[in-house]
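**Q** Chains as they are written, first to last, in our numbering: chain A, 8 to 322; chain B, 410 to 723.
Positions of the beta carbon are idealized from the N, C-alpha and C atoms, including for glycine.
Note that the structure is predicted; figures quoted are calculated from it, not measured.
This is the structure, below, for whatever I ask next.
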């Protein structure tokens, strides 16, 4: 007997948070439920307590930290590290620079993703299989780190902002999510628009995009968070201090602190005076680099669950 | 498409002329793929050359497999390869069941508000960079000022600080647990959606047959998400050769290099030892070895999932 093919997708509009037991009117607080809630609460706390510890560290005096008195509440409360952070021109510039890179990258990435995904949903497009293959193949094979580095070098992008923006501008994975979403939009809408005389660009902009705001929000979050968090590209492509994004500066600060455990084996490039300054404001910087994500994330959360499940369907 | 034909007379239109706007849309993305994905693939040839930056790809002399032979004879290579596999296996064994258990727990919670808040918190680590997580780990597990050591001392559980970060096996376990912690919440999403796909009548029937909660989970929930579990397990096994660069690079330190150096960080150290330019050809050879073995693993994993009648990645 042939088993039915299972697909890892479900109705996008289905709310996975919704109560799943209909018609049950007993009090929900049975002993089992109480134990369950306590267990899940403890697991969730492991995701929250590290933040609280870092926040406490960032608001405590240096001597209290060195005496290891800080747990989940600031000791000898001070905002000195935050003041140092905001007075450190290098860090503030880096913050604005990282925001700039992230915004430009995300806009470019969304445009390319939509432009690639939309034509690929059209069955009438000649060469569709070829174009899909061209995209999918890059998910499983790449030139490798050094050939990619040499390519960036050849293009003259080393030590420019564009080295952080252009190379990762299109994620095939995200493109497939977009494509799967476009494919859920009924073709009859396109046919109606065609009869009204709309061309492909107009159909994309006036019909498809307004219906895809949820996926656009999800993918925008994925791209923006990915860029905000990335440091490998900067580590390879950027030497110029003024062009280093926040994460790379934080990386050097953390590496500097690691070497403090074992100063005899200091890694290169992480012991300069500027990095020492970065080290002392490390905790404040960690909080600072996390804040933008914490602010945006709750608003987009309701969308990305459907985005992720859709992405699990094959392209 | 029939509407289009009606509009523009009965004669058959050339599909390239008809859809020229769609092709125009594809120009930028395809140019991206060619310039930033396919063009670098030609750079793989330097793995077979005595590559010299001044002479370039076309001027450097060919050396056959010499780079591969050299690299594979190095102890540091076998260490990095072994660590890659070991850390991945540890991550899979410790980390694979966690999202399944967590998803089942979350699914059983009836207090909707609590469930939603805990999900929000559990997904959060997925959105943090490894730099930030690395900074936290370093702060929290630091042997001198870390909160874990100081609390354990305060409670009298230990007499001396535990070297979480500088002892090889301690580090490997910490690395694994941090990985589990980072991905457990996000991993529940697919399982939760699989659970909501299970027919509610099966639960009702089990209840009528007198099955308690645990029996329902064992006999209904788990078989119901079996397909998802199998696919994700096989896909994970297909990724055995890959460890992203960020996590080991940030969490690692020179003291435990023997225990924590993996292929991606090894590629970086061979290409840029101490931040200066090293041997690009050998580094490319290591990367190519990893890509090819990885590709074989992923292709086999996909073949197996298709064989099992599940929806594979292709």
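(1) Just to confirm the assignment, what range does the alpha helix (DSSP H) spanning residue 646 (chain B) have?
(2) If you draw a straight line from the alpha carbon of residue 174 (chain A) to that of residue 550 (chain B), how long is it in whole angstroms?
(3) If contact is defined by three or more beta carbon pairs under 8 angstroms, each pair taking one atom from either stretch, is the segment 438-449 of chain B in contact with the segment 687-699 of chain B?
(4) Determine the chain A residues that contact residue 554 (chain B) at a beta-carbon separation under 7 angstroms, and present them in chain order.
(5) Closest to residue 131 (chain A) by CA distance: which of B:717, B:658, B:692, B:422 is it?
(6) Mind the definition here: the segment 483-497 of chain B touches the segment 672-679 of chain B only if three or more C-beta pairs lie below 8 angstroms; say whether that holds.
(7) Less than 8 angstroms separating the beta-carbons of residue 694 (chain B) and residue 476 (chain B)?
(8) According to DSSP, residue 471 (chain B) sits in a beta bridge with which residue or residues?
(9) Who are the neighbours of residue 138 (chain A) on chain B, taking C-beta pairs under 8 angstroms?
(10) Residue 46 (chain A) touches chain B at which residues, Cβ-Cβ below 9 angstroms?
(11) Give the interface partners of residue 123 (chain A) over in chain B, defined as CB-CB distance under 9 angstroms, in chain order.
(12) Residue 141 (chain A) touches chain B at which residues, Cβ-Cβ below 9 angstroms?
(13) By the 10 Å Cβ neighbour count, where 16 or more other Cβ atoms means buried, how is residue 202 (chain A) classified, buried or exposed?
(14) Distance cutoff 8 angstroms, beta carbons only. Does residue 289 (chain A) sit that close to anything in chain B?
(15) Determine the direct distance from the alpha carbon of residue 682 (chain B) to that of residue 479 (chain B), and round the result to whole angstroms.
(16) Does any C-beta atom of chain A lie closer than 8 angstroms to the C-beta of residue 746 (chain B)?
(17) Roughly how many whole angstroms lie between the Cα atoms of residue 48 (chain A) and residue 610 (chain B)?
(18) Might you give, ordered along the chain, the residues of its own chain that have their beta carbon closer than 6 angstroms to the beta carbon of residue 503 (chain B), omitting 5 neighbours on each side?
(19) Is it the case that the segment 706-713 of chain B contacts the segment 642-651 of chain B, given that we only count it when at least three CB pairs across the two stretches are under 8 angstroms?
(20) How many angstroms separate the CA atom of residue 617 (chain B) from the CA atom of residue 625 (chain B)?
(21) Check whether the Cβ atoms of residue 339 (chain A) and residue 183 (chain A) sit closer than 8 angstroms, and answer yes or no.
(22) For residue 631 (chain B), name the three-state secondary structure that DSSP assigns.
(23) In chain A, what lies closer than 9 angstroms to residue 670 (chain B) by C-beta?
(24) Rounded to whole angstroms, what is the Cα-Cα separation between residue 501 (chain B) and residue 170 (chain A)?
(25) In the structure shown, what three-state DSSP assignment does residue 268 (chain A) receive?
(26) Does DSSP put residue 751 (chain B) in a helix, a strand or coil?
(27) If you run the structure through DSSP and keep just helix, strand and coil, what is residue 671 (chain B)?
(28) Under 7 angstroms between beta-carbons, which chain A residues line up against residue 529 (chain B)? List them in chain order, please.
(29) Output needed for residue 124 (chain A): all residues of its chain with C-beta closer than 7 angstroms, excluding positions within five of it in sequence on either side, in chain order.
(30) Skipping 5 residues on each side, what residues in its chain have a beta carbon closer than 7 angstroms to that of residue 61 (chain A)?
(31) For residue 173 (chain A), decide whether its Cβ has a neighbour in chain B, counting only Cβ atoms nearer than 8 angstroms.
(32) Pairs of beta-carbons, one from the segment 79-88 of chain A and one from the segment 230-250 of chain A, closer than 8 angstroms: are there three or more?
(33) Shorter than 8 angstroms from the beta carbon of residue 422 (chain B) to some beta carbon of chain A?
(34) Please name the residues in the segment 204-215 of chain A whose beta-carbon is closer than 9 angstroms to at least one beta-carbon of chain B, in chain order.
(35) Considering only the alpha carbon of each residue, which of A:243, A:211, A:149, A:70 lies closest to residue 451 (chain B)?
(36) Closer than 8 angstroms, CB to CB, is residue 129 (chain A) near chain B or not?
**A** Walking through what the data contain:
(1) Position 237 of the second chain, counted from the start, is the residue given in the question as residue 646 (chain B). Counting along the chain, the alpha helix (DSSP H) containing residue 646 (chain B) begins and ends at 635-647.
(2) In the first chain, counting from the first residue as 1, residue 174 (chain A) sits at position 167. In the second chain, counting from the first residue as 1, residue 550 (chain B) sits at position 141. One C-alpha to the other measures close to 36 angstroms.
(3) no
(4) For the purposes of this step, residue 554 (chain B) is taken as residue 145 along the second chain, with counting starting at 1. 72, 73, 75, listed in chain order.
(5) Taking the first residue of the first chain as position 1, residue 131 (chain A) is located at position 124. The shortest Cα separation from residue 131 (chain A) among B:717, B:658, B:692, B:422 belongs to B:422.
(6) yes
(7) Here the question's residue 694 (chain B) lines up with position 285 in the second chain. Here the question's residue 476 (chain B) lines up with position 67 in the second chain. In this structure, residue 476 (chain B) lies closer than 8 angstroms to residue 694 (chain B) by Cβ.
(8) Residue 471 (chain B) sits at position 62 when you count from the first residue of the second chain. B:458, per the DSSP bridge assignment.
(9) Locating residue 138 (chain A) in the first chain gives position 131, counting from the first residue. Those are 435, 439, listed as they occur along chain B.
(10) By one-based count along the first chain, residue 46 (chain A) stands at place 39. Ordered by position in chain B, the residues that pass the 9 angstroms Cβ test against residue 46 (chain A) are 514.
(11) Taking the first residue of the first chain as 1, we reach residue 123 (chain A) at position 116. Within 9 angstroms Cβ-Cβ: 434, 435, 437, 438, 439, 441, 442.
(12) Here the question's residue 141 (chain A) lines up with position 134 in the first chain. Simply 439, 442, 443, 446, 447.
(13) Within the first chain, residue 202 (chain A) is the residue found at index 195, counting from 1. Residue 202 (chain A) should be labelled exposed.
(14) Stepping through the first chain from its first residue, residue 289 (chain A) is reached at position 282. Cβ-Cβ to chain B under 8 angstroms: yes for residue 289 (chain A).
(15) As a first step, residue 479 (chain B) is located in the second chain; it is residue number 70 there, counting from the start. As a first step, residue 682 (chain B) is located in the second chain; it is residue number 273 there, counting from the start. Rounded to whole angstroms, residue 479 (chain B) to residue 682 (chain B) spans 17 angstroms at the Cα level.
(16) Here chain B has residues from 410 to 723 only, and residue 746 (chain B) is not among them.
(17) For the purposes of this step, residue 48 (chain A) is taken as the residue at position 41 of the first chain. For the purposes of this step, residue 610 (chain B) is taken as the residue at position 201 of the second chain. Roughly 30 angstroms separates the two Cα atoms.
(18) Along the second chain, one-based indexing puts residue 503 (chain B) at 94. Answer for residue 503 (chain B): 585, 589, listed in chain order.
(19) yes
(20) Position 208 of the second chain, counted from the start, is the residue given in the question as residue 617 (chain B). Position 216 of the second chain, counted from the start, is the residue given in the question as residue 625 (chain B). Taking the straight line joining both Cα atoms gives about 11 angstroms.
(21) Absent from the model: residue 339 (chain A). The displayed extent of chain A is 8 to 322, so no value can be given.
(22) Residue numbering aside, residue 631 (chain B) sits at position 222 when the second chain is read from its first letter. It is helical.
(23) On the second chain, residue 670 (chain B) is found 261 positions in, with the first residue counted as 1. Residues of chain A passing the Cβ test: none, with the nearest at roughly 13 angstroms.
(24) Numbered from 1 along the second chain, position 92 holds the residue referred to as residue 501 (chain B). Numbered from 1 along the first chain, position 163 holds the residue referred to as residue 170 (chain A). In a straight line, the C-alpha of residue 501 (chain B) is about 34 angstroms away from that of residue 170 (chain A).
(25) Your numbering for residue 268 (chain A) matches position 261 in the first chain. Its pLDDT being 46, under 50, residue 268 (chain A) is placed unreliably by the model, and nothing is read from it.
(26) Residue numbering for chain B in the displayed model covers 410 to 723; residue 751 (chain B) lies beyond these limits and cannot be assessed.
(27) Here the question's residue 671 (chain B) lines up with position 262 in the second chain. Coil, per DSSP.
(28) Within the second chain, residue 529 (chain B) is the residue found at index 120, counting from 1. Here the neighbours are 305, 308.
(29) One-based indexing of the first chain puts residue 124 (chain A) at position 117. Here the set comprises 182, 185, 186, 189.
(30) Along the first chain, one-based indexing puts residue 61 (chain A) at 54. Only 290, 293, 294 meet the Cβ criterion.
(31) Position 166 of the first chain, counted from the first residue, corresponds to residue 173 (chain A). Yes, contact with chain B.
(32) no
(33) For this step, residue 422 (chain B) is matched to residue 13 along the second chain. No, no contact with chain A.
(34) 204, 206, 207, 208, 211
(35) Within the second chain, residue 451 (chain B) is the residue found at index 42, counting from 1. Comparing Cα positions, the closest option is A:149.
(36) Residue mapping note: residue 129 (chain A) aligns to position 122 of the first chain, counting from 1. By this cut-off, residue 129 (chain A) is an interface position.
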